[in-house]
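Have a look at the structure below before the remarks.
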Amino acid sequence: MTEQSSLRLRWLTRGGLLILVPLFVVVAVVGYFSTVGAQQRHAIAMPPPGLPDVAGDQGGRLGEFLVGGHLDAARVEPRFEDIRDRFDGMRVIFVPSYLSDAVIPTVKLGDGLGYMAGIYNWLAEEGIDAEIADVETEDTVAANADRLVPIVGDGTSPICFVTHSKGGLDVMEYLRRATPDQRERVACWIAMQSPFSGSPVADLARDVSGLPELMDAVLSVLGGRGESLTDLTTAAREAYLEENKSEIAAVLETVPVLCVATYVADPGNFARPTSWSYPTLIWMHDNDVPGDGLVPVRSAIEICPRSIILEGLDHTGIVSPGLVAPIDQTALMRLLFYLTLS
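In our numbering, the protein residues as written are 54 to 395.
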């Protein structure tokens with residue numbers, strides 16, 4: 054088999070399994086309400102109800118960028134130009150979300166069809182040095198922190214991390230291990246929808262009888278490990294935050310980070326669901342836990358010194374292809390860079 058054929062087979066295998074894994078999780082969640090409840094081993098610990106009150110909330114700065122309740126690119130552009138020179142000599146490193154290896158190549162299909170394209174491709178047009186980190190998205194947080202070491206390298210150029218979902222956990226672990234000088238290189242970090250305190254959906258996927266064993270096997274085929282799903286559970290994340298409290302505090306004190314959380318106030322009238330997580334979006338909403346269908350708002354922002362909460366986006370709304378995205382992704386990224394660097 055040629056190298057090209059082998060690569061194509063690997064891509065197709067991963068792509069097919071990438072569809073089956075989340076589909077099976079959703080089926081399990083739906084079944085939780087009907088037939089497999091008895092298969093559940095433990096009660097799922099949900100976060101406290103309602104939206105949190107957080108220090109450093111940047112939501113008050115949103116008003117000047119909205120027209121009719123929607124983000125207006127024309128209002129964002131001048132503010133981004135105010136901080137554009139901060140990118141001179143800077144590397145922007147995107148660290149993608151869980152189970153996204155198979156769809157990352159679609160970024161080349163353009164903003165309308167590509168995963169993450171709307172938040173990534175425009176940087177090249179701006180002449181900004183940007184790359185998508187070559188991590189194994191199905192692998193553990195610790196393993197991907199190791200992979201980030203050579204990706205970041207030992208240079209002196211400033212770095213800006215843009216992370217989605219589990220990618221934020223990978224970067225947090227990288228920064229936790231980093232030296233003070235390495236942390237000083239990080240000029241900004243935009244952490245979008247990261248389950249810093251865990252996800253109840255991961256708890257459920259790890260708890261329903263038979264599901265963990267199946268997912269372990271599938272993740273192994275994808276090149277990852279079952280422990281990567283365990284990394285996303287509430288218990289694992291709470292233990293991590295407690296065990297590494299002082300180092301995490303040092304990271305958050307040194308690195309200018311903006312944490313982004315999203316939620317859907319009324320899933321029943323949500324016009325543009327962009328992901329397979331819609332059943333879990335309803336599940337979390339019915340438990341009065343605002344979230345994006347995978348990550349509760351609290352989990353994404355409560356540890357962060359600065360944060361912003363956006364309503365009307367599910368877990369893939371920020372990174373989905375432009376044809377189905379419920380927001381102008383490029384305008385959103387320009388705004389997030391402005392809020393982080395200004």
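Glycine included, each C-beta is placed from N, C-alpha and C at the ideal position.
Range of the contiguous beta strand (DSSP E) that encloses residue i
{"i": "alanine 244", "result": "239-245"}
{"i": "isoleucine 212", "result": "212-217"}
{"i": "alanine 183", "result": "182-185"}
Three-way DSSP call (helix, strand, coil) for residue i in this model
{"i": "tyrosine 316", "result": "strand"}
{"i": "serine 150", "result": "coil"}
{"i": "tyrosine 85", "result": "Confidence at tyrosine 85 is low in this model, with a pLDDT of 47, below 50, so its placement is unreliable and no value can be given for it."}
{"i": "serine 360", "result": "strand"}
{"i": "proline 349", "result": "strand"}
{"i": "valine 205", "result": "helix"}
{"i": "arginine 259", "result": "coil"}
{"i": "glycine 142", "result": "coil"}
{"i": "leucine 311", "result": "strand"}
{"i": "leucine 9", "result": "No answer is possible for residue 9: it lies beyond the span of the chain, which begins at 54 and ends at 395."}
{"i": "valine 120", "result": "strand"}
{"i": "glycine 344", "result": "strand"}
{"i": "alanine 195", "result": "helix"}
{"i": "proline 100", "result": "coil"}
{"i": "proline 253", "result": "helix"}
{"i": "methionine 225", "result": "helix"}
{"i": "alanine 378", "result": "coil"}
Residue i - containing alpha helix (DSSP H), residue span
{"i": "alanine 399", "result": "Residue 399 lies beyond the range of the chain shown here (54 to 395); nothing can be said about it."}
{"i": "valine 107", "result": "Looking at the DSSP string, valine 107 is not in any alpha helix (DSSP H), and its letter there is neither H nor E."}
{"i": "aspartate 339", "result": "331-339"}
{"i": "glutamine 382", "result": "382-394"}
{"i": "asparagine 322", "result": "Where asparagine 322 is concerned, there is no enclosing alpha helix (DSSP H), given that its DSSP letter is neither H nor E."}
{"i": "glutamate 130", "result": "126-136"}
{"i": "glutamate 399", "result": "Coverage of the chain is limited to positions 54 through 395, which leaves residue 399 absent and any answer about it impossible."}
{"i": "glutamate 280", "result": "280-283"}
Pairwise C-alpha distance: residue j and residue i
{"i": "alanine 302", "j": "isoleucine 380", "result": "33 Å"}
{"i": "glycine 220", "j": "glycine 121", "result": "33 Å"}
{"i": "leucine 104", "j": "aspartate 110", "result": "12 Å"}
{"i": "valine 202", "j": "aspartate 223", "result": "11 Å"}
{"i": "alanine 288", "j": "proline 149", "result": "23 Å"}
{"i": "proline 101", "j": "alanine 314", "result": "16 Å"}
{"i": "glutamate 179", "j": "asparagine 322", "result": "37 Å"}
{"i": "leucine 285", "j": "phenylalanine 390", "result": "26 Å"}
{"i": "arginine 114", "j": "aspartate 138", "result": "22 Å"}
{"i": "glycine 208", "j": "proline 248", "result": "30 Å"}
{"i": "valine 348", "j": "leucine 176", "result": "27 Å"}
{"i": "arginine 238", "j": "isoleucine 212", "result": "6 Å"}
{"i": "isoleucine 243", "j": "glycine 116", "result": "20 Å"}
{"i": "valine 156", "j": "aspartate 106", "result": "35 Å"}
{"i": "arginine 200", "j": "glycine 206", "result": "10 Å"}
{"i": "cysteine 312", "j": "glycine 112", "result": "12 Å"}
{"i": "aspartate 187", "j": "aspartate 135", "result": "31 Å"}
{"i": "serine 373", "j": "histidine 217", "result": "12 Å"}
{"i": "phenylalanine 140", "j": "leucine 162", "result": "25 Å"}
{"i": "serine 352", "j": "glutamate 364", "result": "16 Å"}
{"i": "valine 377", "j": "methionine 245", "result": "19 Å"}
{"i": "aspartate 154", "j": "glutamate 280", "result": "17 Å"}
{"i": "proline 131", "j": "aspartate 125", "result": "11 Å"}
Residue burial classification, residue i (beta-carbon count within 10 angstroms, cutoff 16)
{"i": "glycine 370", "result": "buried"}
{"i": "histidine 123", "result": "exposed"}
{"i": "lysine 298", "result": "exposed"}
{"i": "aspartate 256", "result": "buried"}
{"i": "aspartate 192", "result": "buried"}
{"i": "proline 158", "result": "exposed"}
{"i": "serine 395", "result": "exposed"}
{"i": "glycine 251", "result": "buried"}
{"i": "glutamate 355", "result": "buried"}
{"i": "glycine 344", "result": "buried"}
{"i": "threonine 232", "result": "exposed"}
{"i": "aspartate 319", "result": "exposed"}
{"i": "alanine 183", "result": "buried"}
{"i": "proline 253", "result": "buried"}
{"i": "serine 210", "result": "exposed"}
{"i": "alanine 324", "result": "exposed"}
{"i": "alanine 292", "result": "exposed"}
{"i": "leucine 282", "result": "buried"}
{"i": "threonine 55", "result": "A caution first: threonine 55 carries a pLDDT of 49, below 50, which makes its placement in the model too unreliable to give a value."}
Sequence-distant residues of the same chain with beta carbon closer than 7 Å to residue i, five excluded per side
{"i": "aspartate 164", "result": "Ala170, Gly171, Asn174 and Gly375"}
{"i": "glutamate 226", "result": "Val194, Ala195 and Ala198"}
{"i": "glutamate 306", "result": "none"}
{"i": "arginine 236", "result": "Leu228, Val304, Thr307 and Val308"}
{"i": "glutamate 300", "result": "Arg229"}
{"i": "phenylalanine 133", "result": "Arg387, Phe390 and Tyr391"}
{"i": "valine 342", "result": "Met99, Pro100, Pro102 and Pro349"}
Cut-off 6 Å between Cβ atoms - residues of its own chain near residue i, not counting five sequence neighbours on either side
{"i": "glycine 346", "result": "Ser330, Thr333, Leu334, Asp367 and His368"}
{"i": "valine 129", "result": "Phe118, Ala384, Arg387 and Leu388"}
{"i": "cysteine 241", "result": "Cys213, Pro309, Thr393 and Leu394"}
{"i": "isoleucine 204", "result": "Ala186"}
Cut-off 8 Å between Cβ atoms - residues of its own chain near residue i, not counting five sequence neighbours on either side
{"i": "valine 160", "result": "Gly167, Tyr168, Met169, Ala170, Tyr173, Asn174 and Ile185"}
{"i": "arginine 144", "result": "Asp182, Ala183, Glu184, Ser210, Pro211, Ile212 and Cys213"}
Proximity test, residue i beta-carbon vs the ligand HEM heavy atom, cut-off 7 Å
{"i": "aspartate 182", "result": "The ligand HEM is absent from the structure shown, which contains no ligands of any kind."}
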